[in-house]
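Have a look at the structure below, then the notes.
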Amino acid sequence: MACEITTRQRAGIINPIFTCQPAGAQFASIGIKDCIAIVHGGQGCVMFVRLIFSQHFKESFELASSSIHEEAAVFGGLKRAEEAVDVLLMRYPHVKVVPIITTCSTEVIGDDIDGLIVKLNAGLLKEKYPDREVYLVPIHSPSFVGSMISGYDSAVRDLVKYFATKTEPNNKLNLFTGWVNPGDVTALKHLLKEMDIDATVLFEIEEFDSPLMPDGQHVSHGETTIEDLRSTANASASLALNKYEGGKAAKYLEDEYEVPATVGPTPIGIRNTDKFLQTLKQITGKPIPASLVKERGIAVDALTDLTHMFFAEKKVAIYGNPDLVIGLAQFCIDLEMKPMLLLLGDDNAFYKEDPRLLELKEKVDWDMKIVTNADLWEMEEKLQNNELELDLILGHSKGRFSSIDHKIPMVRVGFPTYDRAGMFRHPVVGYAGAIWLAEEMANAMFTDMEYKNTREWSLNVW
Ligand code: SF4
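Note that the sequence shown covers residues 268 to 729 in the numbering used here.
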């Protein structure tokens, strides 16, 4: 009985957990105000990514493509990228920030987007748009390494690196949220407000839960401004909630501008939310107010109602973004559940050295597998071979077929989730997130008990 950390041995990926690096860079870009990124590659590199953003958030987002074709493979695609910048600036007079995001094809071709940006700054922008404030930012995201997670992490770092400018201290906290939902941002802002902490939330996507207004505005935008990015160098500290989604930017600001960085923990569940608030207290010197102590009490009460009676010993599989998976696993263990299988879906060799996973390896006393560079077949195959019995699956919509085929209750959590209504509106972080998650998990299992006629009676006496 032990916890084992392995890497997928089988060649080839069957049902990937993630999409590619440019998707992560695109997600970072839509968090910035007055920004439209140009993805330098084939149209599909934008089209499918926009589609999953829209499926998940049920909103429209603006992203452009240089739309290269066969001749770019022979002659290079820079001409297309050059034209794309010009067309974009002509059509969108408000746009100021234009990240140019590379893809697998343009990285293999070897298109020099950094050189192109130097050329455009000296030529096109000076000659045709002399009165425009335009920032062309190179983002390298070859998709033959990493995943949308590393693409997001690198893009956030590169955008911060491009804009950060040391001037006067602003006494604010940089809060890198990682790849979250609007509901998470609302929950985090609430905690900051209760603590009376002034923070720059990066990259700010609360408005992705966009109102439909009388003026007919039909596209969603993030709220992070150029000024927010510039002033990251003047903050009193940085706090990156997710090691693999924003951690690089926090580290960069520490190394370059001596802005002290704290990375994690992802505030999922009671213990990690407690740590988050303690970290805020340490960084700012502000006390944790009674209002949050009460919120914590309500959450602990809600979880106590469920933990021993329903969650104890329940076997769960979790897949998705690494920080999310680890945070959920820690939460499930606190609820007396048994995570049996954790799937981390990309080739990051450092996952195996993650202290949170090493702690699981040391402490867990049941058979638990953590698979890095995993795909969804890792779970499906074990279920088909009866090597794995589960009471619950936690993950995004792409893995739902294992739940459907094997009749295992599932709670949708993570990105992309498109087959349940309004999931982006609910937080998984903070005390509110702990309540929501635990109750979703319990209700999924209750419904399953009813349909399978197992222990349904226990709900009568609960
Ligand atoms: S794998 Fe390459 S071609 Fe496919 S979407 Fe990603 S960047 Fe584009």
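Don't be surprised by glycine CBs; every beta carbon is placed ideally from N, CA and C.
Neighbour-count burial assignment, G531, 16 or more Cβ in a 10 Å radius:
buried
Per DSSP, what kind of secondary structure is A278 in: helix, strand or coil?
It is coil, neither helix nor strand.
CB of T370 to nearest heavy atom of ligand 1: below 6 Å?
Checking the 6 Å criterion, the Cβ of T370 is within range of a heavy atom belonging to ligand 1.
Report yes if the CB atom of S758 is closer than 7 Å to the CB atom of G308, and no otherwise.
In the structure as shown, the chain starts at 268 and stops at 729, and residue 758 therefore has no counterpart that could be examined.
Secondary structure at N441, three-state DSSP: helix, strand or coil?
Here DSSP, grouped into helix, strand and coil, assigns N441 to strand.
In the structure shown, what three-state DSSP assignment does T533 receive?
coil
Please say whether G343 and D381 have beta carbons closer to each other than 7 Å?
no
Limits of the unbroken alpha helix (DSSP H) element including K386
K386 -> alpha helix (DSSP H) spans I380 to A389.
Burial state of S558, where buried means 16 or more other Cβ atoms lie within 10 Å:
A residue is called buried when at least 16 other Cβ atoms come within 10 angstroms of its Cβ; S558 does not meet this threshold and is exposed.
What did DSSP end up calling M227 once you bin it into helix, strand or coil?
Lying before the first or after the last residue shown, residue 227 is absent from the chain, which here runs from 268 to 729.
Would the beta-carbon of I368 fall within 7 Å of that of A292?
yes
Taking only the alpha-carbon atoms, compute the straight-line gap between H485 and L479 and give it to the nearest angstrom.
7 Å
Cross-strand partners of G587 (DSSP beta bridge)
L611
Does at least one heavy atom of ligand 1 sit under 6 Å from the Cβ of G308?
yes
In three-state DSSP terms, what is P449?
Correct three-state label for P449: helix.
What did DSSP end up calling A688 once you bin it into helix, strand or coil?
Coil, per DSSP.
Pop quiz: L469 and F430 are said to be a contact at Cβ under 8 Å. What is the actual Cβ separation, rounded to whole angstroms?
With a Cβ gap of about 11 Å, L469 and F430 do not count as contacting.
Coarse secondary structure for R679, derived from DSSP in three states
Correct three-state label for R679: strand.
Is the beta carbon of T529 less than 7 Å from the beta carbon of L547?
no
Could you check if C270 belongs to the surroundings of ligand 1, using beta carbon to heavy atom distance under 6 Å?
no
Count Cβ pairs between the segment 413-426 and the segment 509-522 that sit closer than 8 Å; are there 3 or more?
yes
Tell me whether the segment 716-723 and the segment 612-632 touch, counting them as touching only if at least three CB pairs, one residue from each stretch, are closer than 8 Å.
They do not touch, by the three-pair rule.
Do P449 and F411 have their C-beta atoms within less than 7 Å of each other?
Against a cut-off of 7 Å, the Cβ pair of F411 and P449 comes out as no contact.
Cα-Cα, which of A422, N282 and V362 is closest to Q288?
A422
In whole angstroms, what is the alpha-carbon distance linking W446 and V696?
12 Å
Using three-state DSSP, classify V364 as helix, strand or coil.
strand
Just verifying my parser: in three-state terms, what is the DSSP assignment at C312?
The three-state secondary structure of C312, taken from DSSP, is helix.
Does DSSP classify T432 as helix, strand or coil?
coil
Whether F681 touches H663 by CB criterion (7 Å)
Note on identity: in this sequence residue 681 is Gly, with Phe being the wrong assignment. Closer than 7 Å, so yes.
Compute the Euclidean distance between the alpha carbons of T286 and W724, then round it to the nearest angstrom.
Cα to Cα, the separation comes out at about 43 Å.
Here's the rule I'm using: 16 or more other beta-carbon atoms within 10 Å means buried, otherwise exposed. How should V404 be labelled?
buried
Determine the direct distance from the alpha carbon of A351 to that of F543, and round the result to whole angstroms.
43 Å
Residue span of the beta strand (DSSP E) that contains P405, given as start and end
Y402 to I406
Taking 8 Å as the cut-off, does the segment 306-321 touch the segment 606-617 (at least 3 CB pairs, one atom from each stretch)?
no
Less than 8 Å between the CB atoms is what I'm expecting for L657 and A566, so what's the real figure, rounded?
For L657 against A566, the beta-carbon gap comes to about 26 Å, at or over 8 Å, which does not count as contact.
With DSSP run on the structure shown, which of helix, strand or coil describes M480?
coil
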